[in-house]
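Quick note on numbering: the sequence shown equals residues 413 to 447 in my numbering.
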Amino acid sequence: IPLSSVNEDLQHVISRKRRVIALNKKDLANANIMQ
């Protein structure tokens, strides 16, 4: 689930679970260059 799509109720349920955060090229790009 993207960090921007975080569901507060779901966070409470899975708060003690491990999670994987997958980044794509846009997430890794320098925002100043992209504009």
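Using N, Cα and C, we set each Cβ at its ideal position, and we do this for glycine too.
Just so you know, these numbers come straight off a predicted model, no measurement behind them.
Q.
Using the three-state DSSP reduction, which class does A434 fall into: helix, strand or coil?
A. coil
| query | Do you know how far the Cα of R431 is from the Cα of N442? | reply | 25 Å
What residue does the alpha helix (DSSP H) around V425 start on, and which one ends it? E420 to I426
- Message: In this structure, how does DSSP classify N442 when only helix, strand and coil are distinguished?
- Response: coil
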